[in-house]
Each structure stands twice: as structure tokens, then as C-alpha cells.
Amino acid sequence: MNPNYVHTVTLYNRIKAADSADKKEHWAKTVLHNCFWKSQVNTSFTGTQASVSNTYVVRIPQDSRYEAYAQYVNNPEGHFTVSQDDIVILGECSEDITGVTGQMAAQVLNRYKPYAFKVTAFSDNTAFPAGKHYRLGG
């Protein structure tokens, strides 16, 4: 095990309305242990304007519960996937995303920032001989 994989993260998978039986968006939560977490503050300047943003990298060790989204939506129980617009929070989060006021995806995400991000990049790096993992970026 990589000695840098010491963090717990909570991953919220978005099941799109078009892919659910009731045609409503749903969110499924998975707590993952022994992950890598890195966040970095970036500052850039354009003329007299300064811009500050965070970038995130999470690596999840290969896990038998992982399924590609197309398979995951058919049987999400006991599995997880990674897609753009999923949400990652550092640590074990007890909240659920239900879609009701106070528990909407954007509200939960904003409550945990800067220790939370929306997934904008994903790669499955499990085909390599060593260090098999899933890489999430945001």
C-alpha cells in the first residue's frame, strides 16, 4: 500500500434523471478509506486582477466495488462509480444529498468547501502493473 494513501473520502455519485426508473436525479454515497488527497491553491494575475482557485487530486486504490457508470446505474447497491459532476468530500460525511432544501448537491458541496469538490476529470489507472488506482480531479 502506498504510504501516501492515508485519507478517507466520501464520494457522492450522481445518477442522472434519464437513467433512473422514476426519472428523477438521485445521489448515492460511498465512504472510501486509504485514499490519496491533495488540494492546492492557485493564484494567477491578469493585469491588475488576481484570481484564486483550488485544484484537487484524489486517488482511490483499485476496488472490486467500482463499476463503469453504464453498469452502475443498473445496480448501484454496494458499488460506486466516478463520473463528471460527482462530488468528493474529504473525510467521512454523514449527510445525504436528497434534493430537498438544505440537502441539495450544491448546498452540501458548499458547506464542506474547501475540503470538497465537483469531479471534472477522471481516469481509470488500473491497467498498470503496479499502483492501480482511479484518479479524480477537480
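Numbering (our numbering), first residue to last: -13 to 124. Just so it is clear, CB atoms sit at the ideal spot from N, CA and C, and this is done for glycine as well.
- Nearest neighbour of Leu76 by Cα position, chosen from Asn(-12), Arg45, Thr84 and Met90, turns out to be Arg45.
- According to the DSSP secondary-structure assignment, Gly123 is paired through a beta bridge with Val43 and Ala107.
- Proximity of the segment 28 to 39 to the segment 101 to 115 falls short of the contact definition, fewer than three beta-carbon pairs being nearer than 8 Å.
- Across the set Ser25, Tyr52 and Gly88, the C-alpha of Tyr52 shows the shortest separation from the C-alpha of Val68.
- Using a C-beta cut-off of 8 Å, the segment 78 to 97 makes no contact with the segment 54 to 65, since fewer than three inter-stretch Cβ pairs fall below that distance.
- For Ala91, there is no enclosing beta strand (DSSP E); the residue is part of the alpha helix (DSSP H) that begins and ends at Ala91 to Tyr98.
- The beta strand (DSSP E) runs lying completely inside the segment 33 to 88 and spanning 3 residues or more are 35 to 47 and 73 to 76, given in chain order.
- When only Cα atoms are considered, Ala3 and Ser30 end up about 37 Å apart.
- Residue environment analysis places His119 among the buried positions, since at least 16 neighbouring C-beta atoms fall within 10 angstroms of its C-beta.
- About 6 Å separates the beta carbons of Val43 and Gly123, which is inside the 8 Å limit, making them a contact pair.
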